Every structure is written in C-alpha cells, then in structure tokens.
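What follows is a short report on a single structure.
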Amino acid sequence: MLSFLDMVNHYLGYINVSVKIKNRIYVILGALGDLYLFYIAVRYLQNGHPFWGLLILLIALVLLYFVYLNTVYYFTQKKAPFDISPKIEKMLHMKPKEAEEDKPRRTMGGRNIPANGYFDEKKILPGKLTSTPIEQANIQNLASRLQQNQLLQMDYSGLGDREITEQARQTGKPVYASGPGALIPYFDMQTENDQLVVYAGMNQAEKQRVGVVSTVGLQNVADVRDQIELYLANATLVGGPFKVLGRTSVIEQANDFQVAVQLAYKHQGGTKPAPTSTDQMTRESTATSRRARYDDAPQTETESEPMTRTSRYHH
123 MLSFLDMVNH
133 YLGYINVSVK
143 IKNRIYVILG
153 ALGDLYLFYI
163 AVRYLQNGHP
173 FWGLLILLIA
183 LVLLYFVYLN
193 TVYYFTQKKA
203 PFDISPKIEK
213 MLHMKPKEAE
223 EDKPRRTMGG
233 RNIPANGYFD
243 EKKILPGKLT
253 STPIEQANIQ
263 NLASRLQQNQ
273 LLQMDYSGLG
283 DREITEQARQ
293 TGKPVYASGP
303 GALIPYFDMQ
313 TENDQLVVYA
323 GMNQAEKQRV
333 GVVSTVGLQN
343 VADVRDQIEL
353 YLANATLVGG
363 PFKVLGRTSV
373 IEQANDFQVA
383 VQLAYKHQGG
393 TKPAPTSTDQ
403 MTRESTATSR
413 RARYDDAPQT
423 ETESEPMTRT
433 SRYHH
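For the sequence shown, our numbering assigns the number 123 to the initial residue and increments by one for each residue that follows.
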C-alpha cells in the first residue's frame with residue numbers, strides 16, 4: 123500500500139496542474155495512507171502485539187488530525203478549530219507559504235507597475251550596466267535587504283528538483299533561485315560627469331550607486347545622447363544562485379546578483395514615434411537580406427533612434 127502511494131506521489135510531479143488541485147490529491151493520498159496505518163494497528167492488536175499496535179494506532183491518530191486540518195484548508199473556505207499549525211510554525215521558526223491561487227493577482231492590467239511610472243513598451247530598450255567592485259558589493263547588499271523584507275524569494279519559484287531538472291533539460295539554461303527576479307523598490311538615474319549613473323535601494327534614503335549605463339539597445343550611450351533623451355523605465359534584481367544539470371541530479375552553484383535595467387527614450391525636441399516591437403521582430407527575419415541594401419542607402423532622419431538588432435533595417 124505504501125509503495126503504491128509513493129509511486130502515485132512520484133508521478134504526480136510530472137502532471138502540470140495547479141498547486142491547489144495537486145494539494146487536494148495529496149490530502150486524499152494521505153487519508154488513504156492513514157487508513158492503512160489503522161488497518162496495520164488493528165492487525166497487530168489482533169495478533170497479540172499490543173505495544174506495536176497501540177504505537178501505530180497513536181501515530182495514525184496524530185496523522186488523522188493533520189489530514190483533517192488539510193481537508194478543511196484545501197476543500198473549504200473555513201478555518202479549522204483547534205488548529206495548532208501557527209504554534210508549530212512559531213516553534214520551528216517556519217514561515218507559512220500561501221498556496222497558489224487559480225485566479226490572477228489584482229494588479230493594474232495584470233502587470234507590476236514600477237514606482238516611477240508607466241512607459242510605452244514600444245519605446246523601451248534594454249540597457250547594460252557597468253559596475254565597479256564597490257557597486258557590485260552594493261548590489262549584493264541590496265539583495266540581502268530584499269530577502270530580509272521578503273521582497274525576494276529564493277525558492278526557485280516553488281519548483282522541486284524534479285521540475286527544475288525538466289525545465290533545465292527543455293531550455294538548456296540554468297534555473298535561478300530568484301526566478302524571474304524582483305522589481306527594486308526604489309531606483310533612479312542621474313547624470314554625473316557626463317555619465318548616466320543608476321542608484322537603487324529599498325527606498326530613497328537607502329539608495330546606493332549600482333552602476334553606469336554603458337549601452338542602450340546595441341549602441342553606446344555616448345553615441346545617442348545628443349539625439350535622444352533617456353529615462354530609467356525599470357530596474358530589476360536578477361541572477362544569484364542557480365541550479366544546473368549534473369550527472370545524476372541538479373547541482374546548485376553560487377553566483378552574484380545583477381541589476382537589469384530598461385530605458386525609455388524620446389527624440390529631443392520632438393515626439394516622433396519609435397518603431398514598435400512588433401515591427402522590429404517582423405523585420406528580424408529579413409535583416410540579413412537587407413544588410414547590403416542598408417550599407418549603400420543614404421542615411422535618413424530615423425538614424426537618430428537608438429539601434430536594436432533590427433531597427434537599423436527599418437527603411
């Protein structure tokens with residue numbers, strides 16, 4: 123019986139269902155396993171082994187209590203009476219993890235909006251930060267502060283080693299403990315010595331310098347600043363420890379955190395629209411064939427836009 127339950131539990135890891143449904147299945151399996159323990163306890167008592175029978179019966183009663191708690195929690199909207207879970211969590215210094223809900227989170231448009239405002243995604247390009255060792259240390263300190271305030275969860279997005287292994291095999295990329303990263307609570311960009319310096323922190327009072335923007339899109343910032351105005355659209359903490367495939371299982375490796383930035387732009391003295399992301403992606407498939415024609419073509423006014431891999435062929 124226990125081998126059967128273990129086999130079912132093993133294969134449940136490969137089923138792509140919501141966490142709530144999967145937990146309900148685990149509750150049912152736990153109830154079946156508990157009934158089997160009651161059966162074993164009764165058989166021991168019938169065969170003249172009162173010590174083992176009563177011991178197993180006591181364990182089964184304790185497990186029955188937790189089956190009851192989980193049944194109320196996952197199958198109803200009520201709170202179970204005589205729930206000692208908070209006391210156990212406090213005694214073991216555990217932090218309760220909320221179950222994933224099937225309904226979407228109530229965010230504006232389904233997105234997390236940065237504190238400094240919303241920018242048109244069609245006019246946002248990725249930037250690259252160049253950081254000194256001191257600025258790298260500031261980034262690691264910021265990561266620690268985010269974890270202390272539960273703004274950065276290092277739980278591999280709730281994935282187990284089996285799911286991490288499957289994801290690493292499918293993507294061929296490492297799986298980070300920080301998942302997609304965390305939006306930094308406060309960030310700002312200032313001009314210092316003709317450089318775009320990025321500051322980040324838990325708030326304005328704790329901001330620290332984390333790097334200098336060196337490129338926007340595929341161009342150096344110095345090459346486009348006299349043609350466009352740049353604004354810091356968002357800053358995200360990414361990286362950190364990650365797991366990769368080993369010979370027999372996944373292996374966790376240490377890694378520094380980084381700050382990923384995106385910059386919004388507009389033309390100086392005008393509101394000329396930039397090419398949309400859709401246009402850029404459509405032209406990417408024909409970029410190679412148009413490269414030769416671009417080299418011979420005269421430059422136009424749109425050259426003042428920051429280049430991406432495809433925007434230079436937008437003619």
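Don't be surprised by glycine CBs; every beta carbon is placed ideally from N, CA and C.
For clarity, every value in this text was computed on a predicted model and none was experimentally measured.
Asked	Found
Judging by CA-CA distance, which residue of Asn-356, Leu-305, Val-372 and Glu-351 is the nearest neighbour of Phe-241?	Asn-356
Tell me whether the beta-carbon of Val-141 lies closer than 7 angstroms to the beta-carbon of Asn-192.	no
Between the alpha carbons of Val-381 and Lys-329, how many angstroms are there, rounded?	14 angstroms
Expressed to the nearest angstrom, what Euclidean distance is found between the alpha-carbon atoms of Arg-284 and Tyr-298?	15 angstroms
Report buried or exposed for Tyr-321, applying the criterion of at least 16 other Cβ atoms within 10 angstroms of its Cβ.	buried
Checking the sheet assignment: what are the DSSP bridge partners for Asp-438?	Nothing can be reported for residue 438, as the shown portion of the chain is limited to 123 through 437.
Quick one, which of Asp-310, Ala-386 and Lys-365 has its alpha-carbon nearest Val-346's?	Ala-386
Near Gly-175, which residues of its chain fall below 6 angstroms by C-beta distance, leaving aside the five closest residues on each side in sequence?	Ala-163, Tyr-166 and Leu-167
Taking only the alpha-carbon atoms, compute the straight-line gap between His-389 and Gln-349 and give it to the nearest angstrom.	6 angstroms
How many whole angstroms separate the CB atoms of Val-360 and Val-366, which I take to be in contact at a CB cut-off of 8 angstroms?	Not a contact, Cβ separation roughly 16 angstroms.
Is the beta carbon of Ser-279 closer than 7 angstroms to that of Gly-333?	no
Any contact between the stretch 175-191 and the stretch 144-158? By contact I mean 3 or more CB pairs, one from each, below 8 angstroms.	yes
Using DSSP's beta-bridge definition, name the partner residues of Ile-246.	Ala-386
By DSSP's criteria, Met-342 is part of a beta bridge. Which residues make up the other side?	According to the sequence provided, residue 342 is Asn. The question's Met does not apply to it. Looking at the DSSP assignment, Asn-342 forms a beta bridge with Thr-337.
Does Lys-142 come out as helix, strand or coil in the three-state DSSP assignment?	helix
What number of angstroms, rounded off, separates the C-alpha of Tyr-308 from the C-alpha of Ala-265?	13 angstroms
Quick check on Gly-295: does DSSP put it in helix, strand or coil?	This sequence places Lys at residue 295; Gly is not what is there. If DSSP states are grouped into helix, strand and coil, Lys-295 belongs with coil.
How long is the line joining the alpha carbons of Gln-199 and Asn-145, rounded to whole angstroms?	15 angstroms
Determine the direct distance from the alpha carbon of Ser-336 to that of Asn-342, and round the result to whole angstroms.	6 angstroms
Note down the Cα distance separating Val-338 from Pro-248, rounded to an integer number of angstroms.	6 angstroms
Suppose the cutoff is 7 angstroms on Cβ atoms and the five residues either side in sequence are ignored; what does the same chain contact list for Asn-377 look like?	Gly-361, Gly-362, Pro-363 and Phe-364
In terms of residue numbering, what span does the alpha helix (DSSP H) encompassing Glu-351 cover?	Segment 350-361 is the beta strand (DSSP E) holding Glu-351; no alpha helix (DSSP H) there.
Grouping DSSP H, G and I as helix and E and B as strand, with all else coil, what is Thr-252?	strand
For Ile-181, collect the residues of the same chain with a Cβ closer than 7 angstroms to its Cβ; drop the 5 residues on either side in sequence, then sort them by chain order.	Leu-159
Kindly identify the DSSP beta-bridge partner or partners of Gln-262.	Gln-262 is not bridged to any residue.
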